[in-house]
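Residue numbering for the sequence shown follows the numbering used here, starting at 1 and increasing by one per position.
Cβ atoms here follow ideal geometry from the backbone N, Cα and C, with glycine treated the same way.
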Amino acid sequence: GEGGAEGADGGDDDPKQRVHTVMIVIPDGFPPELFFEEVEDAVRLALSGPDPLVAPASGHVGDSYRWPDRGFDHEEAWYESLMSALAEAQAGAVARGQTQHEAEVLSGRLSNVVQCELVVDDSEDWTKRAREAKRGQA
Numbered sequence: 001g002e003g004g005a006e007g008a009d010g011g012d013d014d015p016k017q018r019v020h021t022v023m024i025v026i027p028d029g030f031p032p033e034l035f036f037e038e039v040e041d042a043v044r045l046a047l048s049g050p051d052p053l054v055a056p057a058s059g060h061v062g063d064s065y066r067w068p069d070r071g072f073d074h075e076e077a078w079y080e081s082l083m084s085a086l087a088e089a090q091a092g093a094v095a096r097g098q099t100q101h102e103a104e105v106l107s108g109r110l111s112n113v114v115q116c117e118l119v120v121d122d123s124e125d126w127t128k129r130a131r132e133a134k135r136g137q138a
């Protein structure tokens, strides 16, 4: 069959696609809890800070980012998933379902605090999920 792959291809490089995950990486041998205590305030600030140029998944340009806009249904979900990932792999996602711009801005905000890695995860429709989660909280 023809055309199948090509049809899917067009969307793959779309910079607006919310498929980017921002991971933080812990230096070798650092206990995750201690490390996270050091960087937690900076990470939370970077996550919630508005972007003057773009709108969060569930909001308008200049709105602060809420947990659903960063790929997590709520704060507990973010914290638990991050802590277990850091404990297991020395690395964990602080934001999922970001556009390339959002992921780059976020890792830029964190660059002097913690090492970041950007990975692509298109396993979910993150925009839809963010909007549904926000509706649930409204």
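Counting other Cβ atoms within 10 Å of its Cβ, R135 stays below 16 and is therefore classed as exposed. Residue nearest to R96 within the set W78, E33, S111 is W78 (criterion: CA-CA distance). Taken atom to atom, the span from the alpha-carbon of D28 to that of E117 is near 15 Å.
Taking every protein chain shown into account, the CB of D69 has 16 or more other CB atoms within 10 angstroms, so this residue is buried. In terms of Cα proximity to V120, the closest of G71, M83, A89, S84 is G71.
C-alpha of D63 to C-alpha of L34: approximately 31 Å in a straight line.
Annotation for S107: V22, C116, L118 place their beta carbon closer than 7 Å to its own, counting only its chain and skipping 5 residues before and after. Residue range 100 to 110 is occupied by the alpha helix (DSSP H) that includes R109. DSSP places A55 outside both helix and strand once states are collapsed to three, so it counts as coil. Secondary structure at R44: helix, using DSSP grouped into helix, strand and coil. In the same chain as A130, and ignoring 5 residues on each side of it, the C-beta atoms closer than 6 Å to its own belong to A57, S58, P68, D69, in chain order.
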